[in-house]
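Residue numbers (my numbering): 12 to 295. Glycine is no exception: its CB is placed at the ideal position from the N, C-alpha and C atoms.
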Amino acid sequence: MKRPAFQFYPADWRKDSALQSCSVAARGLWIEMLCIMHECEPYGQLAINGKAMSIVQLARLIGETEKMVKGLLNELESAGVFSRTQTDCIYSRRMVNDEHLRVIRANSGRLGGNPNLLKQKDKQNPTKARAKSQATTNQATKQSDKQSLTPSSSSSSSPSSSKPKGDNSPLTPSVHDVPAVTLPDWLALADWEAFVEHRKRLKAPMSDDAQVRAIAQLSRLRDDGHDPSAVIDQSIVSNWKGLFELKRRGSPELNKQAALEARNAEAGRQAKALIFGEETHESQ
Numbered sequence: 012m013k014r015p016a017f018q019f020y021p022a023d024w025r026k027d028s029a030l031q032s033c034s035v036a037a038r039g040l041w042i043e044m045l046c047i048m049h050e051c052e053p054y055g056q057l058a059i060n061g062k063a064m065s066i067v068q069l070a071r072l073i074g075e076t077e078k079m080v081k082g083l084l085n086e087l088e089s090a091g092v093f094s095r096t097q098t099d100c101i102y103s104r105r106m107v108n109d110e111h112l113r114v115i116r117a118n119s120g121r122l123g124g125n126p127n128l129l130k131q132k133d134k135q136n137p138t139k140a141r142a143k144s145q146a147t148t149n150q151a152t153k154q155s156d157k158q159s160l161t162p163s164s165s166s167s168s169s170p171s172s173s174k175p176k177g178d179n180s181p182l183t184p185s186v187h188d189v190p191a192v193t194l195p196d197w198l199a200l201a202d203w204e205a206f207v208e209h210r211k212r213l214k215a216p217m218s219d220d221a222q223v224r225a226i227a228q229l230s231r232l233r234d235d236g237h238d239p240s241a242v243i244d245q246s247i248v249s250n251w252k253g254l255f256e257l258k259r260r261g262s263p264e265l266n267k268q269a270a271l272e273a274r275n276a277e278a279g280r281q282a283k284a285l286i287f288g289e290e291t292h293e294s295q
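Structure follows, in structure tokens:
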């Protein structure tokens with residue numbers, strides 16, 4: 012059953028520097044797209060029958076020309092307002108994240124609700140607690156066996172850690188993969204988990220305290236006008252462990268890694284000139 016409404020945060024809308032840098036027309040298109048994605052499956056993606064919606068289809072839905080919609084989409088994408096899946100399907104990071112949290116809360120409710128309250132009840136009735144623990148273990152085992160037997164099964168509207176073969180939609184973690192720290196509303200879960208996994212690949216995993224401090228740093232960069240998603244992407248692409256201000260394209264200032272590579276390249280050219288007698292050239 013489709014939900015009649017979705018969460019909208021006026022303060023976040025107004026404070027989103029990427030979105031506010033776009034024209035009023037582009038922002039109007041974006042809110043229309045959010046309303047359409049609320050009705051789509053997978054939830055939060057601009058899709059029809061599981062496939063990426065074309066510009067022509069979107070133009071028809073909102074009653075505008077294809078040329079105008081294409082120009083406004085380019086404006087939104089250049090500002091980093093939305094993301095695309097590997098199948099080129101536009102999706103809202105916020106809506107996908109909210110859907111993931113909704114599923115987690117729903118699953119937690121089925122398991123008995125607030126864990127802290129359950130612990131208090133278990134202390135009062137240890138016999139019942141042991142029986143309940145055994146029942147929960149059995150249920151988890153059955154669920155695990157079921158998932159092992161049917162790895163390709165997944166719901167089109169509820170994110171899951173398993174996806175059908177050939178499905179390149181953004182992977183949303185399962186309940187057991189939820190971050191140990193609380194993420195702010197403006198930080199997309201998929202972006203943060205990508206950075207955490209990036210740190211693991213660099214053999215520099217983050218503790219809970221390190222994640223809290225990194226999110227605080229990301230918040231300061233956001234306050235200075237840097238898009239959090241773009242900051243994370245920059246660190247992943249550049250193989251950086253930390254989070255830094257966005258480097259503007261064409262800026263004369265080189266980062267440390269680029270400067271080191273430039274020095275090494277120049278030293279190689281000079282060594283080659285000494286050995287083979289070739290003329291060296293200064294970089295332009």
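9 Å Cβ cutoff met for residue i and residue j
| i | j | result |
| --- | --- | --- |
| Phe255 | Ala225 | no |
| Leu213 | Lys258 | no |
| Asn118 | Ala201 | no |
| Trp24 | Val92 | no |
| Leu45 | Met106 | yes |
| Arg233 | Ser28 | yes |
| Ser240 | Arg104 | yes |
| Leu87 | Cys33 | yes |
Boundaries (first-last residue) of the alpha helix (DSSP H) holding residue i
| i | result |
| --- | --- |
| Leu45 | 35-50 |
| Glu88 | 77-89 |
| Asp27 | Segment: none, Asp27 is in no alpha helix (DSSP H) and carries neither H nor E. |
| Ala201 | 200-212 |
| Asp235 | No alpha helix (DSSP H) holds Asp235; DSSP gives it neither H nor E. |
| Arg14 | Taken as a continuous stretch (DSSP letters only), Arg14 belongs to no alpha helix (DSSP H), as it is neither H nor E. |
| Gln56 | No alpha helix (DSSP H) holds Gln56; DSSP gives it neither H nor E. |
| Val92 | Segment: none, Val92 is in no alpha helix (DSSP H) and carries neither H nor E. |
| Gln68 | 66-73 |
Proximity test, Cβ basis, 9 Å: residue i and chain D
| i | result |
| --- | --- |
| Leu30 | Judged by its chain identifiers, the structure shown contains no chain D, having just a single protein chain. |
Integer Cβ distance of residue i from residue j, believed to fall under 8 Å
| i | j | result |
| --- | --- | --- |
| Tyr102 | Gly55 | 5 Å |
| Glu43 | Ile73 | 5 Å |
| Val300 | Val242 | Residue 300 lies beyond the stretch modelled for the chain, which goes from 12 to 295, so this question has no answer here. |
| Ala36 | Leu83 | 6 Å |
| Glu75 | Ile66 | That belief does not hold up - the Cβ atoms of Glu75 and Ile66 are roughly 10 Å apart, past 8 Å. |
Alpha-carbon spacing of residue i relative to residue j, whole angstroms
| i | j | result |
| --- | --- | --- |
| Gln31 | Ala282 | 51 Å |
| Ala70 | Arg38 | 15 Å |
| Ala22 | Glu110 | 20 Å |
| Arg116 | Asp238 | 28 Å |
| Glu204 | Cys100 | 20 Å |
| Met217 | Lys211 | 8 Å |
| Ala16 | Ile47 | 12 Å |
| Thr161 | Gly236 | Below a pLDDT of 50, predicted positions are generally treated as unreliable, and Thr161, at 36, falls in that range; the measurement from the model is reported next regardless. Cα to Cα, the separation comes out at about 45 Å. |
| Lys26 | Asn275 | 43 Å |
| Leu198 | Glu52 | 23 Å |
| Asn250 | Gly61 | 34 Å |
| Val114 | Arg14 | 13 Å |
| Thr96 | Ala278 | 42 Å |
| Ser89 | Val80 | 14 Å |
| Ala221 | His209 | 14 Å |
| Gln68 | Thr98 | 17 Å |
| Met64 | Ser94 | 14 Å |
| Gln18 | Ala227 | 24 Å |
| Asp219 | Leu57 | 34 Å |
| Asp196 | Leu229 | 13 Å |
Cβ-heavy atom distance, residue i to the ligand HEM, below 8 Å
| i | result |
| --- | --- |
| Arg105 | Among the components of this structure there are no ligands whatsoever, and the ligand HEM is therefore not found. |
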